[in-house]
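> Sharing a structure, written as structure tokens. Questions coming.
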Amino acid sequence: MFAIPFANSQNLVLNGDFEKNSHVPDELGAVDGVVSYVSTPNKGSADYFNVDAKGKNAAPRNFRGFQQPKNGNGYMGIYMYAGKSYTEYVQLKFEETLEAGKEYTFAFHVSLSEDSQFAVKQVSALFTRKKMNFDDSNNISLRRVSDKYGSYKFENLKSHGSLSNKKGWTKVSLTFVADGFEKYVTIGNFGKTPKEYLRQLDGSGLKGGQIAYYYIDDATLFINEPLNIEYNKAMVMDKVKFDPNSHSLTKESKEYLRKFFFSIADPKRHQLTLKGHTDNDGSSFYNYQLSKKRVVAVANYLKDLGMPNENIKTEAYGEKQPLYKGFDPLSKQQNRRVEFVITEFDALNP
1 MFAIPFANSQ NLVLNGDFEK NSHVPDELGA VDGVVSYVST PNKGSADYFN
51 VDAKGKNAAP RNFRGFQQPK NGNGYMGIYM YAGKSYTEYV QLKFEETLEA
101 GKEYTFAFHV SLSEDSQFAV KQVSALFTRK KMNFDDSNNI SLRRVSDKYG
151 SYKFENLKSH GSLSNKKGWT KVSLTFVADG FEKYVTIGNF GKTPKEYLRQ
201 LDGSGLKGGQ IAYYYIDDAT LFINEPLNIE YNKAMVMDKV KFDPNSHSLT
251 KESKEYLRKF FFSIADPKRH QLTLKGHTDN DGSSFYNYQL SKKRVVAVAN
301 YLKDLGMPNE NIKTEAYGEK QPLYKGFDPL SKQQNRRVEF VITEFDALNP
């Protein structure tokens with residue numbers, strides 16, 4: 001058995017979806033004092049895009065190309081590289097100072113703008129105790145941070161797809177143990193040279209210079225608390241609920257699955273079998289198809305978090321294996337479920 005309390009998790013990034021603002025600006029560079037809890041740590045002008053904006057910062061079509069928000073109406077944009085003397089950043093605030101010794105996962109989504117000729121090789125994050133504020137638009141090197149603000153944590157994030165993706169969004173994430181001072185996080189380039197940092201896109205040429213402009217959306221920080229799970233035993237994902245005739249995951253379901261993933265996501269150890277079930281409304285064929293859609297929805301979300309595809313097996317049973325025999329609404333709700341079985345690979349191959 002390994003432990004995981006099933007309490008609700010909370011996104012600790014304040015306004016990480018960039019939906020809260022004092023107003024929707026119609027000009028570029030309007031971030032500080034406009035996008036709640038979001039700031040720029042230097043004089044570089046990060047941009048806020050919104051579907052209600054009318055200017056160059058509109059969405060989905062804007063001055064750098066076309067991109068729909070990952071979620072909601074707004075997202076950010078920065079030059080992760082625009083020459084040696086100019087760099088932009090996005091600085092985010094946490095709801096609370098992180099607790100020393102606790103494990104957290106920080107993640108967000110990026111999309112390379114259509115007119116970028118270069119892509120970055122790595123996305124980085126800098127955690128600090130204090131809100132940073134530099135009086136120029138130069139690159140913020142780690143030495144400058146240390147001299148002015150003291151303690152920091154610098155990390156490269158893992159990419160879950162291509163960083164040259166211009167059509168959609170690519171998730172980047174980092175799991176780390178907090179030192180206990182982290183209150184802010186800044187996204188951007190911290191002193192790396194073009195050779196270290198940039199990759200020229202095929203067929204882009206050098207027209208327009210070495211520019212890599214990225215859209216940013218859906219920033220999250222969750223504490224990774226373990227769950228109570230037993231190996232080789234079918235267990236119900238009790239926080240994964242479905243409405244009648246629906247296979248959509250609720251916000252509560254996604255929060256639960258994040259906790260679940262960070263408790264079992266060692267690809268070298270765990271084989272996960274997911275089993276989908278429905279209530280007894282509808283035909284057997286319909287219920288089978290619905291249970292299949294539900295279990296696939298769970299599997300796809302876990303894959304999006306980083307669970308290897310080859311480690312997940314799905315099974316659909318429709319209404320054939322009810323937990324409760326009753327026809328009342330509560331019994332039916334309990335029967336609309338996904339179960340899981342976790343097996344260690346060592347147990348599969350003694």
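Numbered per the UniProt record's numbering, the sequence shown spans residues 1 to 350. Glycine included, each C-beta is placed from N, C-alpha and C at the ideal position. Keep in mind that this is a model prediction, so the values were computed, not measured.
Looking at the structure shown, is Val298 part of a helix, part of a strand, or coil, going by DSSP?
Stepping through the sequence shown from its first residue, residue 298 is reached at position 298. Secondary structure of Val298 (DSSP, three-state): helix.
> DSSP on Tyr256, reduced to helix/strand/coil?
On the sequence shown, position 256 is the one that residue 256 refers to. Three-state DSSP puts Tyr256 in a helix.
> Can you give me the start and stop residues for the alpha helix (DSSP H) that residue 352 sits inside?
A query on residue 352 cannot be resolved here, the shown segment of the chain reaching from 1 to 350 and no further.
> Can you tell me which residues form a DSSP beta bridge with Met235?
Taking the sequence shown and counting its residues from 1, the one referred to as residue 235 is at position 235. Its beta-bridge partners are Phe340.
> In its own chain, which residues sit with a C-beta less than 7 Å from the C-beta of Ala299, not counting the 5 before and 5 after it?
In the sequence shown, counting from the first residue as 1, residue 299 sits at position 299. Around Ala299: Leu274, Ile312, Thr314.
> Does the beta-carbon of His247 have 16 or more other beta-carbons within 10 angstroms, so that it is buried, or is it exposed?
Counting from one through the sequence shown, the residue named residue 247 turns up at place 247. It is buried - the Cβ of His247 has at least 16 other Cβ atoms within 10 Å.
> Roughly how many angstroms lie between the CA atoms of Asn34 and Lys303, to the nearest whole one?
Indexing the sequence shown from 1 puts residue 34 at position 34. Indexing the sequence shown from 1 puts residue 303 at position 303. Per the sequence shown, residue 34 should be read as Val rather than Asn. Looking at the two C-alpha atoms, the distance is approximately 35 Å.
> Using 8 Å as the threshold, is the C-beta distance between Asn73 and Glu27 below it?
Working through the sequence shown from its first residue, we reach residue 73 at position 73. Working through the sequence shown from its first residue, we reach residue 27 at position 27. No, these two residues do not count as a Cβ contact at 8 Å.
> Around the C-beta of Asn217, are 16 or more other C-beta atoms found within 10 angstroms, so that it is buried, or is it exposed?
In the sequence shown, counting from the first residue as 1, residue 217 sits at position 217. One point to set straight first is that residue 217 is Asp, not Asn, in the sequence displayed. Burial state of Asp217 is buried, judged by a 10 Å Cβ sphere holding 16 or more other Cβ atoms.
> Looking only at its chain, what residues have a beta carbon closer than 8 Å to the beta carbon of Leu14, apart from the 5 residues adjacent to it on each side?
Numbered from its first residue, the sequence shown carries residue 14 at position 14. Same-chain partners within the cutoff: Ser36, Tyr37, Leu92, Lys93, Phe94, Glu95.
> Please report the distance separating the alpha-carbon of Val296 from that of Leu142.
Taking the sequence shown and counting its residues from 1, one reaches residue 296 at position 296. Taking the sequence shown and counting its residues from 1, one reaches residue 142 at position 142. Going from the Cα of Val296 to the Cα of Leu142 covers about 43 Å.
> In whole angstroms, give me the CA-to-CA distance for Thr40 and Val31.
Reading the sequence shown from its first residue, position 40 is the one you call residue 40. Reading the sequence shown from its first residue, position 31 is the one you call residue 31. CA-CA distance, Thr40 to Val31, rounds to 7 Å.
> Tell me, which residues are paired with Gly74 by DSSP?
Residue 74 sits at position 74 when you count from the first residue of the sequence shown. Answer by DSSP bridge pairing, in chain order: Asn50.
> Please classify Ala347 as buried or exposed, where buried requires at least 16 other C-beta atoms within 10 Å of its C-beta.
Position 347 of the sequence shown, counting from 1, holds the residue named residue 347. At Ala347 the pLDDT is 44, less than 50, meaning the model places this residue with poor confidence; the figure from the coordinates comes in the next sentence. Under this definition Ala347 is an exposed residue.
> DSSP state of Glu19, grouped into three classes?
Locating residue 19 in the sequence shown gives position 19, where the first residue counts as 1. If DSSP states are grouped into helix, strand and coil, Glu19 belongs with coil.
> Beta-carbon separation of Tyr81 and Val110 under 8 Å?
One-based indexing of the sequence shown puts residue 81 at position 81. One-based indexing of the sequence shown puts residue 110 at position 110. For Tyr81 and Val110, no; Cβs fall outside 8 Å.
> Once you ignore the five residues that flank Ala234 on each side, which residues in its own chain have a CB closer than 8 Å to its CB?
For the purposes of this step, residue 234 is taken as residue 234 along the sequence shown, with counting starting at 1. Same-chain partners within the cutoff: Lys275, Glu339, Phe340, Val341.
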